[in-house]
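Top line first, the protein sequences correspond to chains A and B.
Taking the numbering used here, I'd label the letters of the first sequence as residues 13 to 326.
Taking the numbering used here, I'd label the letters of the second sequence as residues 21 to 287.
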Amino acid sequence: MKLVLKKTASLIITLFIVSLLAFLAFQIIPGDPTTKILGTHASAEKAARLREQLGLDRPVLVRYWEWLVSFLRGDFGTSYNYLRPVGSLLADKLPVTVLLTVFSFALTAAVSIPLGIASGSTRSRLLDHLAVILDQIVMAVPPLFFGIIACYVFGIVLRWFMPGNYISISESVTGCMAYLFLPALSLALPRIAMTVRMLRGSIREELTKNYVLTAQSRGLSRGKILLRHVFRNAMIPVVTFLAVSAAEIMTGTIIIEQVFTIPGIGRLLVSSIGNRDFPVVQAIVVLLAAWIMIVNFAADMLNHWMDPRLRDEV
Amino acid sequence: MSLLEVKNLKVHFHDAAPDRFAVDGVSFTMEEGDILGLVGESGTGKTVTSMCIGGLLPREKADTEGSITLGGTEIFDCTQKELNRILGNEMAIVFQEPMTSFNPVYRIGRQVGESLYVHGKGLSKDQKKELVLKAMQDAGLPNAEEVYRKYPHELSGGMLQRAMIAAAIVTKPKLLLADEITTALDVSMQARILDRLKRLNRKDKVAILFISHDLHVVNRLCRHVIVMQRGKIVEKGLTKEVFENPQHTYTKQLIAAIPSRNRRSRD
């Protein structure tokens, strides 16, 4: 309980700092939202009037404070570019990205854990070598590259799906999942490879521990030893790693959404940065930071549940 | 028929020199209820011998020769499945390091009762817990109920080693292999554990193969002793006689190496 409070407090403080930094960053990078809205030929007065309208003429910290207060009230501001509330913009796009992230993460966990166990516990040297080599190759392929190849092979050559023709979940659940499968896989593949490698190493290490010998001396079969004793210990470092993966998958969607033309926040973020659409960018940055912290928080809680030794250190 | 018969046991590790045997022609027998001490300095093959008896020596790492029978069953001929039926049931093993011999993420009670999980089919949950608590008390653990719910990192080495003994005796095995089980503990804890082993031996007739490099401890516990050097048995007999009248120079050296206070009390 104490841990939950402590973690929640640090979560809030970190989010606060991240949002401030993101806000300040936009003061430093060149470019002005007024030129994006009015065009480069607008008169100086007109630009000044717009700046006043948007409140850009006032000091940064004052603006940050105002943004923070309304953000906490649930008002994320208004997009300069779309002239719509950021909240409603995100309500359209965020579910798509969340769906893609969850899909990709589920794929990562569902594939890598059984494979990791298999490759960590196999006694066959040949199989182990093959697994390591395959792992190395998959790990080295960036999602972007795999995504482009997949688009070409499955979209253009085989015509199994039409790149760019995103099917939303309200239209068809299976259609949407089918469309998201390749982007989810491109994001998941390197993660799967890394997780398998990590779990493999972790299991190998645990298998050398004395408690395994103890379990053997009680007549447990190898399979039982793996499941009852080794697995939970081996998963402890992997859980932390999977949390990092979940965070990286979410940020990875920014690029993969471009490749597969998926209307998520990734594409919104890229176009908003280009347009100097601060309120949108600010909201997305805070959401991404919140996601990263929440998955790490979840991993911490899971680790505390899995490893009793950690519980005493709170 | 003897409980345990080891005949001309030879072990050769694949990464060792061709003529270097970790265990080189060891033979001995144990009857039901015996306590046999196996002594010698580190690296003389004591642990390898016990690992062979327990069938725990990885077959891909070493070649073995000879015969080990437990109650008439040849250990070397057992399949893994057959071996698993014996281990933790008729034969139990306690290792040197109590701290690392427990799985850190599970409660003591579950681990002490694990042999019942494997071999105690047909027992109810409550019956199992009762047997575990009883074994803990027999192993000399105070407030067994409390220890049952603890995690390994919450207990001292002495407590853990007694819990390990409890785990070993929970299925009432005929043979207990104790490999340097008091080495990591302080002297008073050693004395308490030896006392418990003696009681268990008298009460349940469990035979104990007690492996140690500490002659003093062996002298307090074991009726018979075997002295090993470089994989070979150099001397064997009643502990008392071996101590009073050692025949082999190596045994003499070992006895001379005991701190003087102990030696004087024995003279």
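Glycine is no exception: its CB is placed at the ideal position from the N, C-alpha and C atoms.
On a predicted model such as this, the values are computed, not experimentally measured, just so you know.
Can you list the residues of chain A that residue i reaches, using a CB-CB cut of under 7 Å?
i: V138(B); result: R230, G231 and L232
i: G108(B); result: S229, R230 and G231
Interface residues of chain A around residue i at Cβ under 8 Å?
i: Y168(B); result: Simply none; closest approach about 14 Å.
i: E134(B); result: A227, R230 and L232
Below 8 Å on the Cβ atoms is my contact criterion, and I expect residue i with residue j to pass it. Report the Cβ-Cβ distance as a whole number of Å.
i: I277(A); j: I296(A); result: 5 Å
i: G57(B); j: S232(B); result: 7 Å
i: V59(B); j: I201(B); result: Rounded, the Cβ-Cβ distance is 14 Å, inconsistent with contact.
i: P193(B); j: L180(B); result: Not a contact, Cβ separation roughly 20 Å.
i: T64(B); j: Q249(B); result: 6 Å
i: V271(A); j: C163(A); result: 6 Å
i: V262(B); j: V245(B); result: 5 Å
i: M156(B); j: A183(B); result: 7 Å
i: L229(B); j: L258(B); result: Wrong, their Cβ atoms sit about 16 Å apart, outside the cutoff.
i: V98(A); j: G89(A); result: 5 Å
i: I194(A); j: F166(A); result: Looking at the sequence itself, residue 194(A) is Leu, so the reference to Ile does not match. Contact holds; Cβ gap of about 6 Å.
i: I248(A); j: M318(A); result: 6 Å
i: V190(B); j: S135(B); result: 6 Å
i: R63(A); j: T46(A); result: 6 Å
i: V31(B); j: F48(B); result: About 15 Å separates the two Cβ atoms, so there is no contact after all.
i: L107(B); j: G75(B); result: 7 Å
On the DSSP letters alone, give me the boundaries of the alpha helix (DSSP H) that residue i sits inside.
i: T186(A); result: V185 to L219
i: K58(A); result: A56 to L66
i: R256(A); result: The question names Arg, yet the displayed sequence has Val at residue 256(A). That run of the alpha helix (DSSP H) goes F243 to V271.
i: V114(B); result: V114(B) -> not in any alpha helix (DSSP H); beta strand (DSSP E) instead, spanning M111 to V114.
i: F117(A); result: V98 to S133
i: Y270(B); result: T269 to A276
i: D215(B); result: V207 to D224
i: V292(A); result: F290 to M318
i: K48(A); result: P45 to L50
i: M71(B); result: K66 to I73
i: F83(A); result: V72 to L84
i: G133(B); result: Careful: G133(B) lies outside any alpha helix (DSSP H) and carries neither H nor E.
i: H236(B); result: L235 to L241
i: Y102(B); result: Per the sequence shown, residue 102(B) should be read as Glu rather than Tyr. Its alpha helix (DSSP H) spans residues Q100 to I106.
i: Y223(A); result: N222 to S229
i: R240(A); result: Here R240(A) belongs to no alpha helix (DSSP H), and DSSP marks it neither H nor E.
i: L95(A); result: Premise fails: L95(A) is in no alpha helix (DSSP H) and is neither H nor E.
i: T202(B); result: T202(B) -> no alpha helix (DSSP H), and no H or E assigned at all.
i: C279(A); result: Note on residue identity: the sequence assigns Arg, not Cys, to residue 279(A). Note, R279(A): alpha helix (DSSP H), I277 to G286.
i: S233(A); result: It is not in any alpha helix (DSSP H) - S233(A) carries neither H nor E in the DSSP assignment.
Which residue marks the beginning of the beta strand (DSSP E) containing residue i, and which one marks its end?
i: S22(A); result: Counting along the chain, S22(A) falls outside any beta strand (DSSP E), though it belongs to the alpha helix (DSSP H) covering K14 to I40.
i: G45(B); result: V43 to M50
i: M248(B); result: H244 to Q249
i: K27(B); result: L24 to F33
i: L258(B); result: K252 to L258
i: E85(B); result: A82 to L90
i: G57(B); result: I55 to V59
i: I228(B); result: A227 to S232
Report the neighbours of residue i on chain B: residues whose CB is nearer than 9 Å to its CB, in chain order.
i: M318(A); result: V125
i: K348(A); result: Nothing about residue 348(A) can be read from this structure; chain A reaches only from 13 to 326.
i: N245(A); result: N123, P124 and V125
Given that residue i touches chain B, what residues does it touch there, using C-beta distances under 7 Å?
i: R321(A); result: P124 and H173
i: N222(A); result: F115, E117, T120 and S121
By the criterion of Cβ-Cβ separation under 9 Å, what are the contact partners of residue i in chain A?
i: R105(B); result: G231
So, is the C-beta of residue i closer than 7 Å to a C-beta in chain E?
i: I179(A); result: Absence of chain E from the displayed structure is noted, the protein chains being A and B.
In the region 110-125 of chain B, which residues sit with their C-beta less than 8 Å from some C-beta in chain A, listed in chain order?
-> Those residues of the region 110-125 of chain B placed with their C-beta closer than 8 Å to a C-beta in chain A are A112, I113, F115, E117, T120, S121, F122, N123, P124 and V125, ordered along the chain.
Closer than 8 Å, Cβ to Cβ, to anything on chain A: give me those residues from the region 50-81 of chain B, in chain order.
-> G74 and L76
If you measure beta-carbon to beta-carbon, which residues of the region 153-182 of chain B are closer than 7 Å to chain A?
-> Y171 and H173
Along the region 133-148 of chain A, what residues have a CB closer than 8 Å to any CB found in chain B?
-> Those would be none; no residue qualifies.
May I have a chain-ordered list of the beta strand (DSSP E) segments no shorter than 3 residues that lie completely inside the region 143-195 of chain B?
-> none
Within the region 151-178 of chain A, ranges of the alpha helix (DSSP H) (whole runs, at least 4 residues) | 155-162
Listed in chain order, which residues of the region 35-51 of chain B have Cβ atoms closer than 7 Å to some Cβ of chain A?
-> none
Taking a Cβ distance cut-off of 9 Å, strictly less, list which residues of the region 232-244 of chain B are near chain A, in chain order.
-> none
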